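> Can you keep this structure in mind? I'll have questions shortly.
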Amino acid sequence: MAKGTAFGWIDAHIHVDKYEPDERERLLAEAYAAGGEAVVGVSMNLDSCRENRRLAQRHAGRYMPAYGHHPEIPLPQPDEERELFAWIRRRHADGEPFAIGEVGLPYYARTEAEAAGRPFDEDPYVELLDRFAALAAELNRPIVLHAVYEDAAKACDLLEKHGVRRAHFHWFKGPEETIRRMIARGWHVSVTPDVVYEPEIQTLVRAYPLDLLMAETDGPWPHEGPFAGRPTTPAMVQEVIRAVAELKGLGADETAAAMLAVTKRFYGIM
Ligand SMILES: [Zn+2]
29 MAKGTAFGWI DAHIHVDKYE PDERERLLAE AYAAGGEAVV GVSMNLDSCR ENRRLAQRHA
89 GRYMPAYGHH PEIPLPQPDE ERELFAWIRR RHADGEPFAI GEVGLPYYAR TEAEAAGRPF
149 DEDPYVELLD RFAALAAELN RPIVLHAVYE DAAKACDLLE KHGVRRAHFH WFKGPEETIR
209 RMIARGWHVS VTPDVVYEPE IQTLVRAYPL DLLMAETDGP WPHEGPFAGR PTTPAMVQEV
269 IRAVAELKGL GADETAAAML AVTKRFYGIM
């Protein structure tokens with residue numbers, strides 16, 4: 029941990045490869061210098077997986093890659109999906125550290141289409157998530173999910189079907205009933221800088237056990253409130269931790285230590 033930093037932290041969900049190529053190394057160097065012990069770099073598709081693997085090799089031990097196909101972009105063609113799954117299996121066969129993600133269900137694409145009166149067939153997305161959940165269970169890898177509101181229960185069904193034990197719902201928001209179900213399963217959630225200003229997320233943090241809670245930025249996604257107009261960087265996780273501490277009525281140091289331990293344990297970061 030860097031000198032002068034109050035506590036160590038991990039950004040548990042960031043799209044490093046969505047930053048400009050010449051920004052990525054500086055972004056990571058600044059994160060590590062600011063007390064970041066690691067980041068979890070999630071993928072959009074196979075090209076993104078390759079870049080995340082390259083970054084993970086360059087920053088071994090401090091960059092946990094997650095490999096998958098993001099649910100809010102068009103589905104992969106059958107050939108691309110076959111290649112992606114085979115590629116992930118090779119990484120597993122070689123004993124490389126990685127998680128499965130970002131995978132899930134297209135809540136925003138679906139509800140936008142529905143609001144515009146356009147038809148949207150969710151079934152192939154559910155089927156793809158079914159295959160990713162099966163893969164995570166088979167390889168015994170953590171899975172990173174984008175599944176919010178009513179879609180979260182559909183994702184829970186698939187995780188239960190395959191007996192997935194290590195699940196991380198990133199930037200989670202959803203109904204109380206689903207939150208209770210996820211807690212009962214021991215599944216994790218992470219919150220972004222919007223915990224500072226979103227009452228919905230503050231309610232989630234109050235309800236969710238600290239030992240299942242992680243911090244993330246989903247960078248480069250821009251945040252609002254006090255973060256408006258600022259480029260998103262991993263160091264913003266420190267603001268997330270301070271907000272969680274306040275909501276839990278705990279000190280920032282003990283909250284940071286707990287969240288760091290949870291994230292390391294979940295992702296197998298030493
Ligand atoms: Zn994401």
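The sequence shown begins at 29 in the numbering used here and counts up by one.
All residues carry an ideal CB built from backbone N, CA and C; glycine is no exception.
These numbers were taken from a predicted model, which means no experiment stands behind them.
Could you tell me which whole alpha helix (DSSP H) segments of length 4 or greater appear in the stretch 116-189?
List check, alpha helix (DSSP H) in window: 135-143 and 151-167.
> Does ligand 1 have even one heavy atom less than 6 Å from the beta-carbon of Glu130?
Checking the Cβ of Glu130 against ligand 1 gives yes.
> Label Arg293 either buried or exposed according to how many other C-beta atoms from any shown protein chain fall within 10 Å of its C-beta, with 16 as the threshold for buried.
It is exposed - the Cβ of Arg293 has fewer than 16 other Cβ atoms within 10 Å.
> Excluding the five sequence neighbours on either side, which residues of its own chain have a C-beta within less than 6 Å of the C-beta of Ala181, listed in chain order?
Same-chain partners within the cutoff: Thr206.
> What's the C-alpha gap between Ala286 and Ala280?
Their backbone Cα atoms lie some 10 Å apart in a straight line.
> Round the Cβ separation of Ala175 and Phe197 to the nearest angstrom and send it over; I've been treating them as touching at under 8 Å.
Indeed, because the Cβ distance is near 6 Å, the residues count as touching under 8 Å.
> So, is Phe148 buried or exposed, given that buried needs 16 or more other C-beta atoms within 10 angstroms?
With fewer than 16 Cβ atoms within 10 Å of its Cβ, Phe148 is classed as exposed.
> Is it true that the CB of Phe126 sits closer than 7 Å to the CB of Arg118?
For Arg118 and Phe126, no; Cβs fall outside 7 Å.
> Should Leu133 go down as buried or exposed, given a rule of 16 or more other Cβ atoms within 10 Å for buried?
Counting Cβ neighbours within 10 Å, Leu133 comes out buried, since at least 16 surround it.
> Please return the same chain residues whose Cβ sits closer than 7 Å to the Cβ of Phe255, not counting the five positions on each side in sequence.
The answer, listed in chain order, is Pro221 and Met264.
> If you run the structure through DSSP and keep just helix, strand and coil, what is His41?
In the structure shown, His41 sits in a strand (DSSP, three-state: E or B).
> How would you write the range of the beta strand (DSSP E) that Glu311 sits in, first residue to last?
The requested residue 311 is not part of the displayed model; the chain covers only 29 to 298.
> If Val290 and Leu240 are in contact, beta carbons under 8 Å, what's the gap, nearest whole angstrom?
The pair is a contact, with the Cβ atoms about 7 Å apart (cut-off 8 Å).
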